[in-house]
Amino acid sequence: MAIIALVSAKGSPGVTTSALACALAWHRRLVLAECDPAGGSILAGYLGGQLDGPRGIGELAVGELRDGNLETAFWPQLVDLDAPRRERLLLPGLVDPAQAGSVTPLWQRFADYFNALDRGSPGYDVLVDCGRLHVTGPPWPVLRAASVVLLVTRAQLPDLSGTRAVVTAIERDFAEHRVPPGTLRLLLVGGGHGRAEISRALKLPVIARLPHDPRTAGVLSLGGTVRAGRPLLRAAAALEVPVGALLERRRARLAWPVQQGVPDAV
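By the UniProt record's numbering, the letter at position 222 of the sequence shown is numbered 222, and the numbering carries on one by one without gaps.
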């Protein structure tokens, strides 16, 4: 199990839509956590505001600062996106960006807790919508704890210009905090320049491209019936394969020194 984080540059679209599409299409048991300091949008959009009372990371942060009971408070804050199976759960984001002040001091606490969810019964991956990086109080500890970080960007020149600066910022931070290499990948949205061209220009591998599918994006943003056969959902489902392969390579690389140190059986 792992943390898989999605983040974008200033002006780049599609982080929440991409994350929600993956949450609905993947076969993994997962929690989709909206950790965008600018606020969440899934409750009011895709879910149409149909909830019984306040719920989400803002409520969780207030309770943690007051009582320090994250382990017991976490699960009641989740929304079952595929009820009653509890295989695709949502931790809603901030309703009011003013709540960000309560959440910012807890990013490391949340990152540690997300990492521990694989030890539950059952275990969960955590798919994290980190929003745009250039905001006040970005969730850096969550990004550093992630096994895979997907930098979402359009493939047009103006967007790629902003994305280049974000790649540099993330790589610098990861190097300073000794994040294992190979964590960061580009996730393209829509048409534009080719994958190989973008990868060469930004010196970063492209893991996949999600198609321009305004009908499905509208449903994911405003609510409605999600159809698995639509282009965006098919592409999101296919993304699970390279992400899973990247996770396996990461696990193998991190386990290798331990295996090297194990003495041979007598």
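Using N, Cα and C, we set each Cβ at its ideal position, and we do this for glycine too.
In the three-state reduction of the DSSP assignment, glycine 190 falls in the strand class. Judged by DSSP secondary structure, glycine 101 falls within the alpha helix (DSSP H) whose first and last residues are 100 to 103. The Cβ-Cβ distance between isoleucine 3 and alanine 145 falls below 9 Å.
Between alanine 155 and glycine 190, the gap from beta carbon to beta carbon is short of 9 Å. Secondary structure of serine 199 (DSSP, three-state): helix. By the Cβ criterion, the stretch 115 to 129 is in contact with the stretch 13 to 33, since at least three pairs of Cβ atoms, one from each stretch, lie closer than 8 Å. Judged by DSSP in its simplified three-state form, aspartate 173 adopts helix.
Residue range 3 to 8 is occupied by the beta strand (DSSP E) that includes serine 8. By the Cβ test, the stretch 164 to 176 is not in contact with the stretch 31 to 39, since fewer than three Cβ pairs between them sit closer than 8 Å.
Looking only at Ala83, Gly162, Arg249 and Val241, the smallest Cα-Cα distance to leucine 202 is reached by Gly162.
Inclusion of leucine 186 and isoleucine 198 in the CB contact set at 9 Å is warranted, their separation being smaller than that value. At the C-beta level, leucine 94 and alanine 38 come within 9 Å of one another. When the Cα atoms are used, alanine 196 and valine 62 turn out to be separated by approximately 45 Å.
Runs of the alpha helix (DSSP H) lying entirely within the stretch 11 to 47 and spanning at least 4 residues, in chain order: 15 to 25.
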